[in-house]
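Here's the structure we're looking at; comments come further down.
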Amino acid sequence: MDSFKKIYSEYKHRVYFFVAKYISDEEDIEELVQDIFMHLWKYSSESDSLSQTEAIIFKSAKQEISNFYRKKKMIYIPLEDSQQVSDEENFDIEKKLLEEDQLKKIEGLLEQVPERSREFFIKNKIQNLSLFTIAKENDISKTAVEKHVNKVLKFLKTNLNFFF
């Protein structure tokens, strides 16, 4: 149980951002992330190495995304499966790859900030919860939440080559 908690806390943000690359609705993203970790809970064993666990997580994520599109009767084509693409599609793919690279940098940097600050930042900037709502949920002042979020923003701006 403790090893699963450790895995969950280590991968939850990476999985969330990975799924968010392909799906835009917040509820759908959260549901898929939950399904991915449920799959991991059911099918991984204590003896799985960290690299096996990571492979299971992201393979499950791809499968869950594909299942999501299948259920919604949408077409999901992973970038590596597309054959012939136009110049416009090439530009879109390059733009998406740049965005993915930037997201990976942000994910890595977010792992370096204190957990509480990261949590407030994600709730405010990604889940679009107001500072007041976050403050109320955590029984602290709105100003305190704002300081946490601003600290993370400042850290990200300092360590990234682009501005928000």
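Okay, so the sequence shown: first residue is 3 according to this note's numbering, each after it adds one. For glycine and all other residues, C-beta sits at the position ideal for the given N, C-alpha and C. Quantities reported herein were computed from a predicted structural model and do not represent experimental measurements.
| field | First through last residue of the alpha helix (DSSP H) which encompasses Q36 | value | 28 to 45
| request: Let me know if K125 comes out buried or exposed under the rule of 16 or more other beta-carbons within 10 Å of its beta-carbon. | output: buried
| query | Whose C-alpha, out of K61, D30, K156, is nearest the C-alpha of H41? | reply | K61
| query | If we count the other Cβ atoms within 10 Å of its Cβ and call it buried at 16 or more, is Y45 buried or exposed? | reply | exposed
| query | Expressed to the nearest angstrom, what Euclidean distance is found between the alpha-carbon atoms of F134 and S143? | reply | 8 Å
| Looking only at C-alpha atoms, which of L158, K159, L131, R118 sits nearest to S11? | R118
| query | Is H15 helix, strand or coil when you go by DSSP? | reply | helix
| request: Mind reading off the beta-carbon distance from R16 to E109? Whole number of angstroms is fine, and I expect it under 8 Å. | output: 6 Å
| Would DSSP call V151 helix, strand or coil? | helix
| query | Taking only runs of the alpha helix (DSSP H) that begin and end inside the region 103 to 154, which ones reach a length of at least 4 residues, in chain order? | reply | 117 to 123, 133 to 140
| field | Sequence-distant residues of the same chain with beta carbon closer than 6 Å to I67, five excluded per side | value | Y24
| said: So, at 7 Å on beta carbons, what are the nonlocal neighbours of L158 in its own chain, with the 5 sequence-adjacent residues on each side left out? | reply: I108, L111
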